[in-house]
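Numbering-wise (this note's numbering), the sequence shown opens with residue 1 and increments by one.
Notes follow the structure.
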Amino acid sequence: MSERTTCAVIGGGPAGMVLGLLLARAGVEVTVLEKHADFLRDFRGDTVHPTTLRLLDELGLRERFAALPQSKVRSVSFPLGDGRSVTLADFRRLRGQPHPYIAMVPQWDLLNLLAEAGRAEPSFTLRMSTEVTGLLHDSDTVTGVRYLDPEGPGELRADLTVACDGRWSAARGQAGLEPREFPVNIDVWWFKVPTEGAIAPSLLPRTGRGKMLAAIPREGYLQIGYLGPKGSDARLRRRGVEALRHDVAELLPELADSVHAIGSMDDVKHLDVRINRLRRWHTKGLLCIGDAAHAMSPIGGVGINLAVQDAVAAATLLAGPLLEHRVTERHLAAVRRRRLLPTVVTQSLQRLLHRGFVGPVLHGRIAAPPKVPLTLLRLLPRLSAVPAYLIGVGVRPERAPGFARRASV
Ligand SMILES: Cc1cc2nc3c(=O)[nH]c(=O)nc-3n(C[C@H](O)[C@H](O)[C@H](O)COP(=O)(O)OP(=O)(O)OC[C@H]3O[C@@H](n4cnc5c(N)ncnc54)[C@H](O)[C@@H]3O)c2cc1C
Numbered sequence: 001m002s003e004r005t006t007c008a009v010i011g012g013g014p015a016g017m018v019l020g021l022l023l024a025r026a027g028v029e030v031t032v033l034e035k036h037a038d039f040l041r042d043f044r045g046d047t048v049h050p051t052t053l054r055l056l057d058e059l060g061l062r063e064r065f066a067a068l069p070q071s072k073v074r075s076v077s078f079p080l081g082d083g084r085s086v087t088l089a090d091f092r093r094l095r096g097q098p099h100p101y102i103a104m105v106p107q108w109d110l111l112n113l114l115a116e117a118g119r120a121e122p123s124f125t126l127r128m129s130t131e132v133t134g135l136l137h138d139s140d141t142v143t144g145v146r147y148l149d150p151e152g153p154g155e156l157r158a159d160l161t162v163a164c165d166g167r168w169s170a171a172r173g174q175a176g177l178e179p180r181e182f183p184v185n186i187d188v189w190w191f192k193v194p195t196e197g198a199i200a201p202s203l204l205p206r207t208g209r210g211k212m213l214a215a216i217p218r219e220g221y222l223q224i225g226y227l228g229p230k231g232s233d234a235r236l237r238r239r240g241v242e243a244l245r246h247d248v249a250e251l252l253p254e255l256a257d258s259v260h261a262i263g264s265m266d267d268v269k270h271l272d273v274r275i276n277r278l279r280r281w282h283t284k285g286l287l288c289i290g291d292a293a294h295a296m297s298p299i300g301g302v303g304i305n306l307a308v309q310d311a312v313a314a315a316t317l318l319a320g321p322l323l324e325h326r327v328t329e330r331h332l333a334a335v336r337r338r339r340l341l342p343t344v345v346t347q348s349l350q351r352l353l354h355r356g357f358v359g360p361v362l363h364g365r366i367a368a369p370p371k372v373p374l375t376l377l378r379l380l381p382r383l384s385a386v387p388a389y390l391i392g393v394g395v396r397p398e399r400a401p402g403f404a405r406r407a408s409v
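Written out as structure tokens, the structure is:
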């Protein structure tokens, strides 16, 4: 027997959880289906941007978020080697933002907070350990999902299905939506190094000629993203763990005594970095948002914020039609129209950074950001507000719709 809801959301990542919460606050019956039993996966980034922080305030979640363990990145600087440094992005210069910094919070804490807020809404259902295995169709219209949960297979019918199932979205493929891939010259390897000492959180990767890594501080360990040229996984593994430990210790001398904790190359997970985008974000009865509509490079740490902003836009535009059970393709197309510019601008900047900085560092051609922007930023420090705005706020930031706003408790 099949069950019914108004909106079925595939995937409980940042896009799915924010969309679920906001629609539920509008009174829409919404079910979020997440295949994992919990949110505790370390294969996720940790950045929460000023626009997302302001959104959490507007949703009445300011105090609960503030209680999460977190560090704050207020600026990003590059050391010049002579004791001086250049500020590349100064978030303190962001006018009108109540939180002018990037909060570094493990993503599972943020998702748990959103889940808890969702559970307070009578029309919100979150089904963990529930994997969507296929789409239901009525001729050319998607009418819901097939799923598998611990009790076995089932069907959930819905007026609208929203694919928030990430960069490898199976739902978009089943709906016949193919992303356009853009060339990417880097990959990332992801592993942990335990650390007792505090290491200042930084959005700027540590660089050396032919080497680069980013380190996210988490409780008791650093989550390392080691960058290398695309297609070099086999070579990296052939070089072996000792060479990797050496690279890490060279870029992060503070970790020289801990790198032996990288036991073997089996502890090092390969991430195939993609930048892609759907031409159409919807088909009849189904909409894609977040990474399912546009996979982002980890460069700049903006994917979470963009996914959240997509969800806010989708909830704002679709809550009314969903409440009246009259969502049309025109409504779905409006979501893409609203979010296309921010997506294109962000992906274009990421591709520029890949070409102009990350790629040349990894191919050993440079070891630092290009001189011209560094000199300009040194001479005119106010310019550091521009990268801060692009990273922290972005194009066309979304605000919480009135129906979702609550006073902080
Ligand atoms: C290693 C790494 C580091 C990153 N670092 C950062 C960073 O520091 N800052 C940043 O902003 N971004 C970062 N990103 C990108 C960021 O994680 C994504 O852009 C963001 O999570 C996208 O959110 P989403 O909700 O669209 O998708 P996801 O976060 O990918 O969520 C998709 C969810 O769908 C679930 N799912 C998938 N298939 C199914 C199914 N069939 N049925 C049910 N559930 C399903 C998944 O389990 C997952 O929970 C990083 C990405 C990676 C891989």
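Heads up, the beta-carbon is just placed ideally off N, CA and C, and yes, glycines get one too.
{"query": "If I measure Cβ to Cβ from G12 and keep anything under 6 Å in the same chain, skipping five residues before and after, which residues do I get?", "result": "V32 and E34"}
{"query": "On a CA-only basis, which of H354, V28, V248 and P14 is nearest R4? Give me that one, please.", "result": "V28"}
{"query": "I'd like the span of the beta strand (DSSP E) that includes W190, first residue to last.", "result": "I186 to P194"}
{"query": "The beta strand (DSSP E) spanning M104 covers which residue range?", "result": "I102 to M104"}
{"query": "Can you tell me the Cβ-Cβ gap for I275 and A295, rounded? I've got them flagged as a contact below 8 Å.", "result": "6 Å"}
{"query": "So, are the CB atoms of A315 and L22 less than 7 Å apart?", "result": "yes"}
{"query": "Write down every uninterrupted run of the alpha helix (DSSP H) in the segment 58-99 whose length is 4 residues or greater and which is fully enclosed by it, in chain order.", "result": "62-66"}
{"query": "Does the Cβ of P217 lie closer than 6 Å to at least one heavy atom of ligand 1?", "result": "no"}
{"query": "Measuring straight from C-alpha to C-alpha, what distance separates A26 and A404?", "result": "6 Å"}
{"query": "Give me, in chain order, the residues of the same chain whose beta-carbon lies closer than 7 Å to that of G225; leave out the 5 immediate sequence neighbours on both sides.", "result": "V188, W190, L213, A214 and P298"}
{"query": "If contact is defined by three or more beta carbon pairs under 8 Å, each pair taking one atom from either stretch, is the segment 170-182 in contact with the segment 131-142?", "result": "yes"}
{"query": "Between the C-alpha atoms of T130 and K371, what's the straight-line distance to the nearest angstrom?", "result": "51 Å"}
{"query": "Answer yes or no: do G208 and A388 have a C-beta to C-beta separation smaller than 7 Å?", "result": "no"}
{"query": "Can you round the beta-carbon distance between V308 and V18 to whole angstroms, since I take them to be within the 8 Å contact cut?", "result": "5 Å"}
{"query": "Taking only the alpha-carbon atoms, compute the straight-line gap between A261 and P194 and give it to the nearest angstrom.", "result": "7 Å"}
{"query": "Could you say which of I199, E121, H49 and A163 lies nearest to Y101 if we only look at CA atoms?", "result": "H49"}
{"query": "Per DSSP, which one or two residues make a beta bridge with R206?", "result": "L213"}
{"query": "Within a Cβ cutoff of 8 Å, which residues of the same chain sit near R338, ignoring the five residues on either side of it in sequence?", "result": "A313, L317 and R396"}
{"query": "Identify, in the order they occur along the chain, each residue of the same chain with its Cβ nearer than 8 Å to the Cβ of V273, setting aside the five sequence neighbours on each side.", "result": "V184, I186, D187, V188, K230, S297 and P298"}
{"query": "Got a sec: does ligand 1 put a non-hydrogen atom nearer than 6 Å to the Cβ of P298?", "result": "yes"}
{"query": "Take L251 and list the residues in its own chain whose beta-carbon comes closer than 8 Å to its own, dropping the five residues that flank it on each side.", "result": "R206, T207, G208, K211, M212 and L213"}
{"query": "State the start and end residues of the unbroken beta strand (DSSP E) segment that holds P153.", "result": "G152 to A163"}
{"query": "Buried or exposed for W281, going by 16 or more other Cβ atoms inside 10 Å?", "result": "buried"}
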